[in-house]
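Each residue of the sequence shown is one higher than the one before, starting from 11 at the first, in the numbering used here.
Working notes for the structure below.
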Amino acid sequence: MPDADDERFMALALTLGRRGLGNTWPNPAVGAVVVKDGKIIGRGWTQPGGRPHAEALALKRAGKEARGATLYVTLEPCSHQGKAPPCADAVIRAGIARVVSAVEDPNPEVAGKGHERLRGKNIAVEVGPGAEQALRAHAGHIRRMREARPQVLLKVAVSSDGKAGAAGRRPAAITGAEARQQVFLMRAQSDAILVGLGTVMADNPSLTSRLSGMRERSPLRIVLDAQLRVPLSMNVVSTARENPTWIFAAPQASAMAEQILRDKGVEVFRVKAKDGKLDLKQVLKIVAERGITRLMVEGGPRVASSLVSADLVDEAVVFHGPNAIGKEGIDALEGLPLKALAKHLHVVGSETFGSDNAERFERK
11 MPDADDERFM
21 ALALTLGRRG
31 LGNTWPNPAV
41 GAVVVKDGKI
51 IGRGWTQPGG
61 RPHAEALALK
71 RAGKEARGAT
81 LYVTLEPCSH
91 QGKAPPCADA
101 VIRAGIARVV
111 SAVEDPNPEV
121 AGKGHERLRG
131 KNIAVEVGPG
141 AEQALRAHAG
151 HIRRMREARP
161 QVLLKVAVSS
171 DGKAGAAGRR
181 PAAITGAEAR
191 QQVFLMRAQS
201 DAILVGLGTV
211 MADNPSLTSR
221 LSGMRERSPL
231 RIVLDAQLRV
241 PLSMNVVSTA
251 RENPTWIFAA
261 PQASAMAEQI
271 LRDKGVEVFR
281 VKAKDGKLDL
291 KQVLKIVAER
301 GITRLMVEGG
311 PRVASSLVSA
321 DLVDEAVVFH
331 GPNAIGKEGI
341 DALEGLPLKA
351 LAKHLHVVGS
361 ETFGSDNAER
371 FERK
């Protein structure tokens, strides 16, 4: 049986770690708690940009009291020299007697070496408490390390008759204020948000987190625009210096258009394309190489359908609105029924937001 105290303190570490979601890439959002004689003497979570690390902050706050204490951490302490010294060394210097890690770090530069170094200094190490929750919290980091792509979260909003937009691809209000607030929170907890050119042209979205006090937590914006046709007046271009925007285009797209976009502060990437469709696997590979671990996809139906068909969606949240749009409306997944999500994903829960219901799916 898991130790109740270990589970309780790890739950706190996981809660602290989630504060950094979407704000620490390329590093994982880790939480750490230092406990001595049943009392919490230090706590920390990964800071914006990935440094300082959670363990370093928690140990600093614990100070000299850390000697002989237990450190709870949601991911194995790092053992390699990066932009910050190894956390395993900081744990050893602090005199920690026991380390409880939720999961081992799949980063090849760590991968058990941190725990090994600690054990070599006669520090007791236990791995496993809170593992299920930690695997969810660190899904982006794990996916990037193991598959060289980010964890992909697809957000879809559908009417009561299964439509995502009005006839002629016109936008339609589907969900209410409470659901929109939840979407803003999802954006804030994502490293980047991806849409197709169609969504940009139809909605001119800002793709920011408009929660009070969390504007600075807005994700990086990514647009799929094979021919670089996005107008300069669109928000994703005109505000690129305040909220970064990356655009992915085909090799043959205009070099002049690329230069104009770069002059506006947009980063442009070229990827392979076939029949006018960009190679999504290459897009995700480049995104991961640039440090993105958690990618939220908001549209539109063509992009969503392509990702689902390629089995590149790891999580999905489907918001169901109470009103119908009509048979002339557009489907949420272009050319696919919504139930196509169930091929690789399964429902893990649902939640109500005002008059809307949201189903959450995860990879089977």
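Every residue gets a Cβ at the ideal spot worked out from N, C-alpha and C, and that includes glycine.
Note that this is a predicted model, so its numbers are computed, not measured.
Pick from the options that is closest to residue i, judged by C-alpha positions
i: A76; options: A107, V240 and G32; result: A107
i: P311; options: K353, H148, A134 and K165; result: K165
i: P332; options: D16, T362 and D324; result: T362
i: E372; options: R53, S365, H356 and V281; result: H356
i: L195; options: R225, S248, N214 and P215; result: R225
i: H330; options: G309, R370 and V358; result: R370
i: H63; options: I50, A100 and A79; result: A100
i: R272; options: D235, A250 and A263; result: A250
i: F258; options: L234, E252 and P241; result: L234
i: W35; options: E119, L343, R300 and I340; result: R300
i: L338; options: L207, R304, R180 and L288; result: The residue you asked about is not Leu; residue 338 is Glu in the sequence shown. If we check each option's Cα against that of E338, R180 comes out closest.
i: T303; options: A39, E17 and A141; result: A39
i: A14; options: V110, G54 and D201; result: V110
Alpha-carbon spacing of residue i relative to residue j, whole angstroms
i: P58; j: A177; result: 42 Å
i: S243; j: M306; result: 24 Å
i: L31; j: R154; result: 15 Å
i: M11; j: G41; result: Because the pLDDT at M11 is just 47, under 50, the model does not fix this residue reliably, and the value given afterwards should be weighed accordingly. Distance between the alpha carbons of M11 and G41 is about 23 Å.
i: E188; j: V278; result: 35 Å
i: R197; j: R220; result: 9 Å
i: L204; j: K353; result: 22 Å
i: L24; j: A68; result: 13 Å
i: E252; j: N245; result: 11 Å
i: A350; j: A174; result: 15 Å
i: G130; j: P95; result: 18 Å
i: T255; j: E268; result: 13 Å
i: A66; j: G105; result: 13 Å
i: L322; j: V162; result: 7 Å
i: N33; j: G27; result: 11 Å
i: I152; j: G286; result: 32 Å
i: I340; j: N214; result: 18 Å
i: G364; j: T185; result: 9 Å
i: E344; j: T56; result: 39 Å
i: L230; j: V240; result: 17 Å
i: Q199; j: S222; result: 14 Å
i: V247; j: M211; result: 12 Å
Any non-hydrogen atom of the ligand SAH closer than 6 Å to residue i Cβ
i: N132; result: Because no ligand of any kind appears in the structure shown, any question about the ligand SAH cannot be addressed here.
Three-state secondary structure (DSSP) of residue i
i: S315; result: helix
i: S360; result: strand
i: D366; result: strand
i: G175; result: strand
i: Q199; result: coil
i: A141; result: helix
i: V127; result: A small fix is needed here, since residue 127 is Arg in this sequence, not Val. The answer is helix: DSSP assigns R127 an H, G or I state.
i: R180; result: strand
i: E17; result: helix
i: L217; result: coil
i: K349; result: helix
i: E252; result: coil
i: L242; result: coil
i: H148; result: coil
i: E188; result: helix
i: K295; result: helix
i: M11; result: In this prediction, M11 has a pLDDT of 47, which is less than 50 and means its spatial position is unreliable; what the coordinates show is noted afterwards. In the structure shown, M11 sits in coil (DSSP, three-state: anything other than H, G, I, E or B).
For residue i, the residue or residues it bridges with in DSSP
i: F279; result: F258
i: G339; result: DSSP lists no partner for G339.
i: G395; result: In this structure the chain extends from 11 to 374, so residue 395 is not present and cannot be described.
i: R373; result: L355
i: L288; result: A283
i: L234; result: G206 and F258
i: F329; result: A167 and A368
i: S111; result: V83 and V137
i: V162; result: L305
May I have a chain-ordered list of the alpha helix (DSSP H) segments no shorter than 4 residues that lie completely inside the stretch 20-94? DSSP runs (the alpha helix (DSSP H)) wholly in the stretch 20-94: 64-72.
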